[in-house]
Amino acid sequence: MKLTKGKIADLLNEPGCEHNHKKGEQGKNKACTQQAKPGAAQGGCAFDGASIALVPITDAAHLVHGPIACAGNSWGSRGSLSSGATTYKMGFTTDISENDIIFGGEKRLYKGISQVIKRYNPPAIFVYSTCVTALIGDDLDAVCEAATKKFETPIIPVNSPGFVGSKNLGNRLAGESLLDYVVGTAEPEYTTPYDINLIGEYNVAGEVWSVLPLFEKVGIRVLSKITGDATFEEIRYAHRAKLNVMICSKALINMGRKMEERYGIPYIEESFYGVEDMNRCLRNIAQKIGDEALQQRVETVIAEETAKLDIALAPYRARLKDKRMVLYTGGVKSWSVMSAAQDLGMKVVATSTKKSTEEDKAKIKKLLGKDGIALAKGNAKEILKVIAKTKADMLVAGGRNQYTALKARIPFLDINQERHTPYAGYDGLVEMAKEFDRALHSPIWQQVQQPAPWETVSS
Amino acid sequence: MTTITRNKKSVAVNPLKQSPPLGAALAFLGLKGIVPLFHGSQGCTAFAKVLLVRHFREAIPLATTAMTEVTTILGGEENIEQALLTLVESAKPDLIGLLTTGLTETRGDDMDGILKSIRKRHPELDYLPIIFVSTPDYKGGLQDGFAAAVNSIVATDYGQSVETYRGQSLQQVTILAGSLLAPGDGSEIKEIVEAFGLKPLVIPDLSESVDGHLDDDYNSKTPGGTSKEQLQQLERSLFTIAIGESMRPAASTLKEKFGTNYQIIPRLTGLGAVDNFLWLLAQISNYKANNWQFKPQIPEKYLRQRRQLQDAILDTHFYLGGKKISLALEPDLLYQTSWLLKEMGAEIQAAVTTTKSPILKELPFENVTIGDLEDLEDLATGSDLIITNSQGKGLAKKLNIPLYRMGYPIYDRLGNGSRCLVGYKGSMQFLFDLGNIFIEIGH
């Protein structure tokens, strides 16, 4: 896949993304195409985004063609878990030197690929370009093509140098690589009418393992997981699924839309967080691919699970009732987590609408009520101000804001990538309730807020 | 003399090395009221930030010039300017630490020219020292970037001190604290120096910024560290003590700039090494206090600690003697750690490091490899202990060898902000830690 200006513009204006197709020229949301602001930007780059989307493929090797910063500072730090292979946890990089920059890094890359094949023999290697190797003009596609032939192993170029844009764009570039080089290159042993793919679920903290048993119970088969806890092979035959289920993410929306175009697979966007969303997800899948029997099984499972859940959650609901939280996260999660919190009887007093589509925003508005605050943008300082203003009991946000909250002596719950507790599915909601309870009712808050005896003496 | 082997691979597998910009940013974090600014794509900053946040469990203020493909081709001046102005408004920093990355070095931005023209356009920034360091990602590792930044810190002009200068001695000693020292080590060093009646000017002083303490306000710049006012007093130091061989260029810069004499202390663990450090301090202190009479004094508490360390050496040698230990650490830390192990009667089975350094020739064993954790895995089979950063967890598990974590990053242990492994006390801690591991596994 050659990376051209046209390609990037297409991905930024992805018609499947509601950021784009639900607005006229007038109210055009510029979130997708906006450039990072020097001195203020805090997010990751396109290479980061591509890694997030592809590294969860557990048996593949992920080789970064660039200087040490890109892989050396980041390898092995992703929270995706594996039930099998661990190759994905290794860091491979060409670690290019000044010489490679002067004379070109293609030879080094080719040799590097050969060494990885020789020693680790993975079913595939994903090769990532970076700013420096893109700038010096190394032809990633040509090297990968030659290596694929020579070593008879798919060597897949991922053209995602950091400087082309944000993490989100990187996700989509990764999706393009899967579409161009992986999906449709193999056939599954067998298919069933109930085969679905999960797209955009990365098995952070083992989350997919709390929903797979539910699918199994009702008779839905997950053919390919893209990409949490996936094998390379299962993504190759993803084109035989009957339905794509996009999870909590606009990030790989281009995959959903293009697989519909190429293979006629419809897609739906769902979330696994909270009772309402989990129920709706199962119902929607059943309605899309199922017969009445499947729909009936789904209703039975929902009834069972919600009954079980009511018992499990009862003690927590009592302790969490009316607790106030500020929620700071991106996109779909701003409302999906909100609905989970409300399932527990908690109040979301403010939430972010950063990266949210118009449809997300409408949902948020409804859930927030008239007193709730919708934060269009924010940084650590902003968040702290809102917490003070709303007298919130806790902050629920990504790991990046963890120390913002802790340093302000406020209970915190991590909702994003780096966390260690799975919150998806029915069991996940119980976990979430436990974590909320633990955070809010910890005996430490009083201690860290308490003045020292000598501070209470007035002079 | 130790032989240095470079692996001939075209691919680093499980890299040990981090990037020089990360090292430079870390050094800058030891200055007060600073925001380190990466001139590169936003990912350069994000990765470094995530690593440091996870290591220290602190909010870490790092900024980016957010270079894109287009601005890279056009040149970075506008982005640097905009980043500086934005930071001045949002963080109100006392200092800016500006560092380059692989991207902007490959492109070849003329940083001197750019800074000059920004200075010209913005006289309102005259009060703000911008410490600039060139750190291409493709040259060296964390230690190199850290050392280069320290050299820039001492080379930069901070203007005249506002404090009146009456020629009186501050009894001040400059301590150049190399990347082998953690924040807790810095605290210990300051305490030791102060005990000799001297005033330590530690550069960089991580023990005031990333030591893990709770402030009253939220910080968008570093809450502590060496201040701009202290940096203005640099020329008044009696002497420079550079800890870690990599601090030599900075020490020599101070010698050139202010004529301050220096000594390199390549390590600060183990009985003999700590003795030498205290003896040096005693002599500096004596030089002023006793009017040229030679009567160096060692504070009582260190005489006690020395006896405690001797006792610890006796108690732990049963467990450490003859043990085969494999290490993968940056050059200075490798030197410090392996010498102490050698002095305890342990055997260095294998050693891997990140980057070249003159100190590698003086390691207490025959061969060191400049390589990665794959090299360590190949060499460490059959060792009794592995010492490297948290990334060694996988290989230690695979080889079924216990792991002692040192270096960066350490993700899976608490207290990296306060851990101290230098001085008599820190040496004792290190010996106990290792001894306890061997007791636990029943050796």
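Taken in sequence, the protein lines are chains U and L.
Take 1 as the starting number for the first sequence in the numbering used here and just add one per residue.
Take 1 as the starting number for the second sequence in the numbering used here and just add one per residue.
For each residue, glycine too, the CB sits at the ideal point set by N, CA and C.
Using 8 Å as the Cβ pair cut-off and three pairs as the minimum, do the region 66-75 of chain U and the region 128-145 of chain U touch? yes
Closer than 7 Å, CB to CB, is ASN14 (chain L) near chain U or not? Mapped onto the second sequence, residue 14 (chain L) falls at position 14. At least one chain U Cβ lies under 7 Å of ASN14 (chain L).
Own chain partners of GLU19 (chain L) with C-beta closer than 6 Å, once the 5 adjacent residues on each side are dropped: Reading the second sequence from its first residue, position 19 is the one you call residue 19 (chain L). It is Ser, not Glu, that sits at residue 19 (chain L) in the sequence shown. Here the set comprises ASP137.
Between L:LEU87, L:LEU95, L:LEU74 and L:LYS397, which has its C-alpha nearest SER227 (chain L)'s C-alpha? Residue mapping note: residue 227 (chain L) aligns to position 227 of the second sequence, counting from 1. SER227 (chain L) has its Cα closest to that of L:LEU95, out of L:LEU87, L:LEU95, L:LEU74 and L:LYS397.
What are the start and end residues of the alpha helix (DSSP H) that includes GLU460 (chain U)? In the structure displayed, chain U extends from 1 to 459; residue 460 (chain U) sits before or after that span and is not available.
Can you find the residues in the same chain that come closer than 8 Å, C-beta to C-beta, to LYS28 (chain U), ignoring five residues on each side of it along the sequence? In the first sequence, counting from the first residue as 1, residue 28 (chain U) sits at position 28. Confidence in LYS28 (chain U) is poor, its pLDDT being 45 and thus under 50, which makes the residue's placement unreliable; the coordinate value appears in the next sentence. Contacts found: none.
Exposed unless 16 or more other CB atoms sit within 10 angstroms - verdict on TYR423 (chain U): Counted from its first residue, the first sequence places residue 423 (chain U) at position 423. Per the 10 Å Cβ criterion, buried.
Using 7 Å as the threshold, is the C-beta distance between PRO157 (chain U) and ASP141 (chain U) below it? If you number the first sequence from 1, residue 157 (chain U) lands on position 157. If you number the first sequence from 1, residue 141 (chain U) lands on position 141. Contact flag set, yes.
Runs of alpha helix (DSSP H) lying entirely within the region 75-117 of chain U, each at least 4 residues, in chain order: 98-103
Mind checking whether GLY469 (chain U) and VAL211 (chain U) have CB atoms under 7 Å apart? Lying outside 1 to 459, the shown extent of chain U, residue 469 (chain U) is not represented and no answer is given.
For ALA376 (chain U), the nearest candidate out of U:GLN287, U:ALA388 and U:ASP360 (CA to CA): The residue given as residue 376 (chain U) occupies position 376 in the first sequence. Checking every option, the nearest Cα to that of ALA376 (chain U) belongs to U:ASP360.
8 Å Cβ shell around ASN284 (chain U) - same chain, five flanking residues per side excluded: By 1-based counting over the first sequence, the position of residue 284 (chain U) is 284. Taken in chain order, the residues that qualify are ILE268 and GLU270.
Which two residues bound the contiguous beta strand (DSSP E) that contains ASN197 (chain U)? For the purposes of this step, residue 197 (chain U) is taken as residue 197 along the first sequence, with counting starting at 1. Its beta strand (DSSP E) spans residues 195-201.
Considering GLY97 (chain L), what are the terminal residues of the beta strand (DSSP E) in which it resides? In the second sequence, residue 97 (chain L) corresponds to position 97, counting from 1. 95-100 is the extent of the beta strand (DSSP E) around GLY97 (chain L).
Taking LYS356 (chain L) as the reference, give the member of L:GLY108, L:VAL13, L:GLY141 and L:THR64 with the closest Cα. To locate residue 356 (chain L), count along the second sequence from 1; it is residue 356. Selected option, being the one with the closest Cα: L:GLY141.
Report whether the distance from the Cβ of ILE410 (chain L) to the nearest heavy atom of the ligand NAP is below 6 Å. Questions concerning the ligand NAP fall outside what the structure shown contains, since it holds no ligand whatsoever.
Short Cβ contact (7 Å threshold) for LYS9 (chain L) with GLN115 (chain U): Locating residue 9 (chain L) in the second sequence gives position 9, counting from the first residue. Locating residue 115 (chain U) in the first sequence gives position 115, counting from the first residue. Yes, the Cβ-Cβ distance between LYS9 (chain L) and GLN115 (chain U) is below 7 Å.
Between the region 39-53 of chain L and chain U, which residues of the former have a C-beta closer than 9 Å to a C-beta of the latter? GLY40, SER41, GLN42, GLY43, CYS44, THR45, ALA46, PHE47, ALA48, LYS49, VAL50, LEU51 and VAL53
Could you please tell me which residues of the region 73-88 of chain U, in chain order, have their CB closer than 8 Å to any CB of chain L? ASN73, SER74, TRP75, GLY76, SER77 and THR86
Any chain L beta carbon closer than 7 Å to SER352 (chain U): Counting from 1 along the first sequence, the entry for residue 352 (chain U) is found at position 352. Cβ-Cβ to chain L under 7 Å: no for SER352 (chain U).
For PRO249 (chain L), collect the residues of the same chain with a Cβ closer than 7 Å to its Cβ; drop the 5 residues on either side in sequence, then sort them by chain order. Numbered from 1 along the second sequence, position 249 holds the residue referred to as residue 249 (chain L). Here the set comprises ALA147 and ASN151.
Residue range of the alpha helix (DSSP H) that LYS236 (chain L) falls in? Mapped onto the second sequence, residue 236 (chain L) falls at position 236. In the sequence under discussion, the amino acid at residue 236 (chain L) is Arg, which differs from the Lys named in the question. Segment: none, ARG236 (chain L) is in no alpha helix (DSSP H) and carries neither H nor E.
What are the boundary residues of the beta strand (DSSP E) that LEU340 (chain L) is part of? For the purposes of this step, residue 340 (chain L) is taken as the residue at position 340 of the second sequence. Segment 331-343 is the alpha helix (DSSP H) holding LEU340 (chain L); no beta strand (DSSP E) there.
Using the beta-carbon of each residue, which ones in chain L are nearer than 7 Å to ALA408 (chain U)? Against the first sequence, residue 408 (chain U) aligns to sequence position 408. Simply TYR218.
Return no unless some Cβ of chain L is closer than 7 Å to the Cβ of ARG172 (chain U). Reading the first sequence from its first residue, position 172 is the one you call residue 172 (chain U). No - not a single Cβ of chain L is within 7 Å of the one on ARG172 (chain U).
Go ahead and pull the three-state DSSP assignment for CYS45 (chain U). Sequence index remark: in the first sequence, residue 45 (chain U) carries index 45 (1-based). CYS45 (chain U): strand per DSSP, three-state reduction.
What residues from chain L crowd round MET394 (chain U), counting only those whose CB sits closer than 7 Å? Translated into positions along the first sequence, residue 394 (chain U) becomes position 394. Under the 7 Å cutoff, chain L gives no residues; its nearest Cβ is about 17 Å from MET394 (chain U).
Anything in chain L within Cβ reach of ILE101 (chain U), meaning under 7 Å, just list it in chain order. As a position in the first sequence, residue 101 (chain U) is number 101, starting the count at 1. Neighbours of ILE101 (chain U) on chain L, chain order: THR106 and TYR138.
Can you name the residues that DSSP bridges to LYS324 (chain L)? Locating residue 324 (chain L) in the second sequence gives position 324, where the first residue counts as 1. Note: LYS324 (chain L) sits in a beta bridge opposite L:GLU347.
Between GLY16 (chain U) and the rest of its own chain, which residues show a CB-CB distance below 7 Å, the 5 nearest in sequence each way excluded? Your numbering for residue 16 (chain U) matches position 16 in the first sequence. Only ILE253, ASN254, GLY256 and ARG257 meet the Cβ criterion.
Taking just the CA atoms, how far does LYS370 (chain U) sit from ALA91 (chain L)? As a working note, residue 91 (chain L) is residue 91 in the second sequence. As a working note, residue 370 (chain U) is residue 370 in the first sequence. Approximately 34 Å, taken between the alpha carbons.
Per DSSP, ALA374 (chain U) is paired with what? For the purposes of this step, residue 374 (chain U) is identified with residue 374 of the first sequence, where counting begins at 1. Paired residues: U:THR351.
Label TRP335 (chain U) either buried or exposed according to how many other C-beta atoms from any shown protein chain fall within 10 Å of its C-beta, with 16 as the threshold for buried. In the first sequence, residue 335 (chain U) corresponds to position 335, counting from 1. Buried: at least 16 other Cβ atoms inside 10 Å.
What are the uninterrupted segments assigned as alpha helix (DSSP H) that are 4 or more residues long and contained completely in the region 197-227 of chain L, given in chain order? none
Taking buried to mean at least 16 other C-beta atoms within 10 Å of its own C-beta, is THR294 (chain L) buried or exposed? One-based indexing of the second sequence puts residue 294 (chain L) at position 294. Residue identity check: residue 294 (chain L) is Phe in the sequence provided, not Thr. Counting Cβ neighbours within 10 Å, PHE294 (chain L) comes out exposed, since fewer than 16 surround it.
Under a CB-based cut-off of 7 Å, is MET90 (chain U) close to chain L? For the purposes of this step, residue 90 (chain U) is identified with residue 90 of the first sequence, where counting begins at 1. Yes, its Cβ sits closer than 7 Å to a Cβ of chain L.
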